[in-house]
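**Student:** Taken in sequence, the protein lines are chains A and B.
Start counting at 1 in the first sequence, then tack on 19, and there's your number in my numbering.
Start counting at 1 in the second sequence, then tack on 5, and there's your number in my numbering.
By construction, the Cβ of each residue, glycine as well, lies at the ideal position given by its N, Cα and C atoms.
All figures in this text were calculated on a predicted structure; none of them were measured in a lab.
Dumping the structure here so I can ask a few things about it.
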Amino acid sequence: MTAEQERQSAGLMRLAQSGDQVAYASLLVLLTSTTRQFARTRLGAVPWIDDVVQETLLAVHRARHTYDPGRPFAPWFYAVASSRLIDVVRRERRVTSREIPGDVLPDAPVVGGMTPRDEIDVEAIHAAVSSLPARQREVIEALKFRDQSVREVAGRLSMTESAVKVTAHRGYRALKRLLGRHERED
Amino acid sequence: MRTDELIVQLARAAGPVRPLPGPSVRLARWTAAAVSMTALGVIVIGPRADVLTAIYQPTFVALAVATLGTALLSAAGAFVLSVPGIERSPLQRAVPLLAGGVWALVLVVLLTTGGDPVQRILALPFHWACVIEIVGLSIVPSWVLFVMLRRAAPLRPAWSAAFATLAAVALAAVATQVICPLDDPAHQLVGHLLPVALLSLSGTIVGRRWLYWPRDVSR
């Protein structure tokens, strides 16, 4: 961040704290390019740079009351951006280490004219999904029952794509627990 | 969602906000509240019978100062860490730990100068009453501190949780020193300092989840 950007950002943040929405939008636009550059310098050309940018903007929004107008803006902003960048990198690593692309999975074997899919208790799955917290239920229903993309779900629910993935992941874990319990009860 | 759409949404949702007071102001407020609550707790439980004599003993005062110093420096550390970009050096994180080290050192010196330190420690002069007092007196101050930290942006939740718990339990340990009639450094070490360390560790493990920031990104 240059000295001019620092001065400009600090001024815009002061106005934003007093409720000036135009100044706030200008600040977020300015921070978008700053964050993108910051993330590119550290991560290179990864496909999830926009996740870092959006997570940072959301974090700036939630933390804007913690900015002290008497202090420089850059240390405050870069502390927030670094924290979000680290979280997104950790999340992406976790996802990459656990997920297998669909095209490398083998076809389900057919045994006695039935695929494993036929043996799934659909009612139990629907019941388990219904018992999830509202946001997890909405995300999983959209992704799995209505075949919507992560981007579409993020847009409809006003969430970032990363947040949709994390919510879905938490939902899957909860489902796994619920369905495991269901099987034991049977 | 596209970034430009997110910006429009965030700008529309942005009302005026009151900037959070600085760490020193928040520390002063917490200290005033926590010391008052802890003093009230001491009055309710009842101070040791010889308290008026004890407070003039140099060893009692040295120990109380070291413990209180640990509490206040830990609280200061927790408040500093909850504001993005305000921590100037990682050394700031070491200060509360050093203060805790000084407290331990004071006890070790007192124990050694008293003679037969190993035997006195091996006797494990531990009393549940002191642990219960430390836990009981620290509940409200630690809850208040955690609530104050959650209103900020603790980017290092584990450190913030550790310092917040250490601050509250160390303050409770000062109060327990006023209640507990045993001045033996072996008891202070095993029955006061050790529970404080273990409680701080537990508070770190539990509290870091509660302080995780930013909250409700995905919920």
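Who are the neighbours of Thr8(B) on chain A, taking C-beta pairs under 8 Å?
**Tutor:** Simply Thr51, Asp69, Val72, Gln73, Leu76.
**Student:** Which term fits Tyr61(B), buried or exposed, when burial requires 16 or more other beta carbons within 10 angstroms of its beta carbon?
**Tutor:** When all chains shown are included, Tyr61(B) counts as exposed.
**Student:** By the criterion of Cβ-Cβ separation under 8 Å, what are the contact partners of Val107(A) in chain B?
**Tutor:** Per Cβ cutoff of 8 Å: no residues; Val107(A) is ~11 Å from chain B at best.
**Student:** Does DSSP put Ala131(B) in a helix, a strand or coil?
**Tutor:** Note that residue 131(B) is Phe in the sequence shown, not Ala. Coil.
**Student:** Beta carbon of Leu107(A), beta carbon of Ser181(A): below 9 Å?
**Tutor:** Position check: residue 107(A) holds Val in this sequence, whereas Leu was assumed. Yes, Cβ-Cβ distance for Val107(A) and Ser181(A) is below 9 Å.
**Student:** Within a Cβ cutoff of 8 Å, which residues of the same chain sit near Ile159(A), ignoring the five residues on either side of it in sequence?
**Tutor:** Taken in chain order, the residues that qualify are Val148, Leu151, Ala187, Gly190, Tyr191, Leu194.
**Student:** Just to confirm, are Ala177(B) and Thr43(B) a CB contact at a threshold of 9 Å?
**Tutor:** Yes.
**Student:** Could you give the DSSP three-state label for Arg161(B): helix, strand or coil?
**Tutor:** Coil, per DSSP.
**Student:** Rank Phe92(A), Val185(A), Leu34(A), Ala22(A) by C-alpha distance to the C-alpha of Arg113(A) and give the top, closest one.
**Tutor:** Ranking the options by Cα distance to Arg113(A), first place goes to Val185(A).
**Student:** Using C-beta distances below 6 Å, list every residue in its chain close to Leu197(A), excluding the 5 sequence neighbours before and after it, in chain order.
**Tutor:** Closer than 6 Å at Cβ, skipping near neighbours: Ala147.
**Student:** Give the secondary structure of Gly141(B) by DSSP, where H, G and I count as helix, E and B as strand, and everything else as coil.
**Tutor:** Helix.
**Student:** Look at the alpha carbon of Ser177(A) and the alpha carbon of Ala202(B), and state the distance between them as a whole number of angstroms.
**Tutor:** Spanning the two alpha carbons is a distance of roughly 43 Å.
**Student:** Distance check for Phe92(A) and Asp121(B), CA to CA, integer angstroms please.
**Tutor:** Each residue's Cα considered, the two are about 57 Å apart.
**Student:** Report all residues from its chain with a CB closer than 8 Å to the CB of Asp188(B); omit the five preceding and five following residues, and keep chain order.
**Tutor:** Closer than 8 Å at the Cβ level, and outside the excluded window around Asp188(B), lie Ala59, Gln62, Thr64, Phe65.
**Student:** Going by other Cβ atoms of all chains shown within 10 Å of its Cβ, with 16 needed for buried, is Trp148(B) buried or exposed?
**Tutor:** The residue is exposed, with fewer than 16 neighbouring Cβ atoms inside 10 Å.
**Student:** Mind listing the chain B neighbours of Asp87(A)? Cutoff is C-beta to C-beta under 7 Å, in chain order.
**Tutor:** Within 7 Å Cβ-Cβ: Pro24, Gly27.
**Student:** Look at the alpha carbon of Ile50(B) and the alpha carbon of Thr85(A), and state the distance between them as a whole number of angstroms.
**Tutor:** The straight-line gap from Cα to Cα measures roughly 39 Å.
**Student:** What did DSSP end up calling Leu176(B) once you bin it into helix, strand or coil?
**Tutor:** Looking at Leu176(B) - three-state DSSP - the assignment turns out to be helix.
**Student:** Roughly how many angstroms lie between the CA atoms of Ala99(B) and Arg93(B), to the nearest whole one?
**Tutor:** Each residue's alpha carbon lies about 12 Å from the other.
**Student:** So with CB distances below 9 Å, who are the chain B contacts of Val114(A)?
**Tutor:** Correct list: empty, because the minimum Cβ distance to chain B is about 13 Å.
**Student:** Alpha carbon to alpha carbon, how far is Thr54(A) from Ala100(A)? Give it in angstroms, no decimals.
**Tutor:** When rounded, the distance between both Cα atoms is 7 Å.
**Student:** Which chain B residues are close to Tyr43(A), counting only those with a beta carbon under 8 Å from its beta carbon?
**Tutor:** Those within 8 Å of Tyr43(A) in chain B are Leu15, Ala16, Ala19.
**Student:** For the alpha helix (DSSP H) containing Val48(A), name the first residue and the last one.
**Tutor:** 40–62 is the span of the alpha helix (DSSP H), which, as asked, contains Val48(A).
**Student:** Pick from Arg110(A), Ser45(A), Ala82(A): whose alpha carbon is nearest that of Gly90(B)?
**Tutor:** Selected option, being the one with the closest Cα: Ala82(A).
**Student:** If you follow the alpha helix (DSSP H) that Pro63(B) is part of, which residue opens it and which one closes it?
**Tutor:** Here the alpha helix (DSSP H) through Pro63(B) covers 63–86.
**Student:** Against chain A, does Pro89(B) count as a neighbour if the rule is that its beta carbon must be under 9 Å from one of theirs?
**Tutor:** Cβ-Cβ to chain A under 9 Å: yes for Pro89(B).
**Student:** Nearest to Thr115(A) by CA position, among Pro66(A), Val79(A), Leu49(A), is which residue?
**Tutor:** Selected option, being the one with the closest Cα: Pro66(A).
**Student:** Which chain B residues sit within Cβ distance under 9 Å of Asp169(A)?
**Tutor:** As written in the sequence, residue 169(A) is Val, which differs from the Asp given in the question. Under the 9 Å cutoff, chain B gives no residues; its nearest Cβ is about 10 Å from Val169(A).
**Student:** Counting C-beta neighbours from all protein chains within 10 Å, is the total for Asp70(A) 16 or more, i.e. buried, or is it exposed?
**Tutor:** So Asp70(A) ends up on the buried side.
**Student:** Assuming His197(B) is part of the alpha helix (DSSP H), what are its boundary residues?
**Tutor:** Segment: none, His197(B) is in no alpha helix (DSSP H) and carries neither H nor E.
**Student:** Using the three-state DSSP reduction, which class does Leu25(B) fall into: helix, strand or coil?
**Tutor:** In the structure shown, Leu25(B) sits in coil (DSSP, three-state: anything other than H, G, I, E or B).
**Student:** Rounded to whole angstroms, what is the Cα-Cα separation between Glu74(A) and Glu111(A)?
**Tutor:** Taking the straight line joining both Cα atoms gives about 13 Å.
**Student:** Determine the contact status of Leu112(B) and Arg125(B), defining contact as a CB-CB distance below 9 Å.
**Tutor:** Taking 9 Å as the Cβ cut-off, Leu112(B) and Arg125(B) do not qualify as a contacting pair.
**Student:** Specify the secondary structure class of Ser223(B) as computed by DSSP and reduced to three states.
**Tutor:** At Ser223(B) the pLDDT is 39, less than 50, meaning the model places this residue with poor confidence; the figure from the coordinates comes in the next sentence. Residue state, collapsed to three classes: coil.
**Student:** Consult DSSP for Ile60(B) and reduce its assignment to one of helix, strand or coil.
**Tutor:** Coil.
**Student:** Can you grab the Cα-Cα spacing for the pair Gln167(A) / Ala173(A), in whole Å?
**Tutor:** Going from the Cα of Gln167(A) to the Cα of Ala173(A) covers about 10 Å.
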